[in-house]
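*Asks:* One structure, pasted below without further comment.
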Amino acid sequence: EKKLMILGVTYREDIGDTRNSPAEVFVSKVIEEGAEIFLHDPLINYWAEMDMKISQKLPMPSAFDAVIFTVAHSFYRELDIINWIGGSNVNIVDANNVLTKEQISEIKQNNLNYMSIGRG
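Numbers in the working numbering are just positions in the sequence shown, counted from 1, shifted up by 124.
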C-alpha cells in the first residue's frame, strides 16, 4: 500500500514510444501488490499498452514513499534532484542507471535515502 512515483515509461531514453517498455512488468506487479502509482514521462501523456494517463508535470515527491527512475531521459539526468526533493524523506531508487555521477554524489552528500539497481 505504498505510494510510488514512476519516472519514465517509454522503452528507451529520449524516445516517445512505449512498445516493449521494460517498465510495464514492474508497473503491473506493483499495482497487483496494491501500490498506488503516479506515472511521469516528459515525452508522452498516454501509455496505450497499459491504458494509463501519463503526467508531464513533475509533482513534488513529498507525497510519495519512493520515486523510482526507470528511463534515462535527458529530463531526469538534468534534474536538480536536491532542490526537487527539498526536505522530504522520500526514498530515491535508480532502477536503470538513470542518474548521473554528479546527481548521485549530491544525493549522498545530502544524506538522502538512495539505492540503485544494476550499478557496480
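Every residue, glycine too, gets a C-beta built ideally from N, C-alpha and C.
Considering only the alpha carbon of each residue, which of TRP208, GLU137, MET129 lies closest to VAL222?
*Replies:* It is GLU137.
*Asks:* Since MET239 sits in a beta bridge, which residues does DSSP pair it with?
*Replies:* Per DSSP, VAL217.
*Asks:* Would you identify the three-state DSSP class for ALA187, choosing helix, strand or coil?
*Replies:* Helix, per DSSP.
*Asks:* Can you list, in chain order, the residues of its chain whose CB lies under 6 Å from that of SER212, leaving out five sequence neighbours each side?
*Replies:* Within the same chain, SER212 has close Cβ partners PRO185, SER186.
*Asks:* Grab the span of the beta strand (DSSP E) containing ILE161 for me, first residue to last.
*Replies:* Where ILE161 is concerned, the enclosing beta strand (DSSP E) stretches over 160–164.
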